[in-house]
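Residue numbers for the sequence shown follow my numbering, beginning at 21 and rising by one.
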Amino acid sequence: DQDVLVVGGGDSALETAIALTQCGAKITLSYRKGEFSRPKPENLEHLKKLVAHPDADVSVETPVSERVTTSAGGFLGKDKKSGKINLMMKSEVKRIDEKEVTLVNADNEEVTIPNDAVFT
């Protein structure tokens with residue numbers, strides 16, 4: 021039950037968000053652009069499934085990211101806890117504090133959310 025900020029729009033960020041969601045984390049995926057930059061189609065498909073249905077059966081079987089070094093998915097166990105992904109496109113990190121982060125969203129408004137860890 022960790023709140024985690026993942027910053028970025030490439031495959032490393034998407035695979036990290038997918039893997040952490042599969043482990044039960046509540047993810048905020050922050051990216052400065054309006055669309056992801058050339059992600060692998062399967063990563064984008066998995067991400068969209070998890071945003072719509074947090075308990076979707078998706079997996080990252082052969083990660084390309086240096087941050088995700090092992091497979092992740094429903095095969096990890098029958099007691100798998102579903103996480104959640106919140107996409108914040110066109111956003112930027114303003115401040116990282118010990119237990120929260122502040123982002124500036126697409127409407128140029130500051131949004132402060134609880135946070136336990138940050139992946140950049």
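Using N, Cα and C, we set each Cβ at its ideal position, and we do this for glycine too.
Just the Cα atoms here: how many angstroms apart are E120 and P134?
4 Å
CB contact flag (I38, H73, <8 Å)
Taking 8 Å as the cut-off, the beta carbon of I38 is found no closer than this to the beta carbon of H73.
Please list, in chain order, all residues of the same chain as D75 whose beta carbon is under 8 Å from its beta carbon, the five residues on each side excluded.
S102
Based on the DSSP output, what are the partners of A137 in its beta bridges?
DSSP, once it has assigned bridges, lists V24 as partnering A137.
Among E55, V26, G30, which has the Cα closest to the Cα of L40?
V26
Coarse secondary structure for E62, derived from DSSP in three states:
Here E62 sits in helix by DSSP.
So what does I105 bridge to, in DSSP terms?
DSSP, once it has assigned bridges, lists I47 as partnering I105.
With a threshold of 6 Å on Cβ separation, who are the neighbours of K69 within its own chain once the five nearest residues in sequence on each side are excluded?
A76, V78
Within 10 angstroms of its Cβ, does T35 collect 16 or more other Cβ (buried), or is it exposed?
Note on identity: in this sequence residue 35 is Glu, with Thr being the wrong assignment. Per the 10 Å Cβ criterion, buried.
Please name the residue, chosen from T132, C43, V113, L107, that lies closest to E55 on a Cα-to-Cα basis.
L107
Distance, Cα to Cα, M109 vs Y51?
Answer to the nearest angstrom: the Cα atoms are 5 Å apart.
Identify which residue in R115, N125, V80, K104 has its Cα closest to the Cα of K60.
V80
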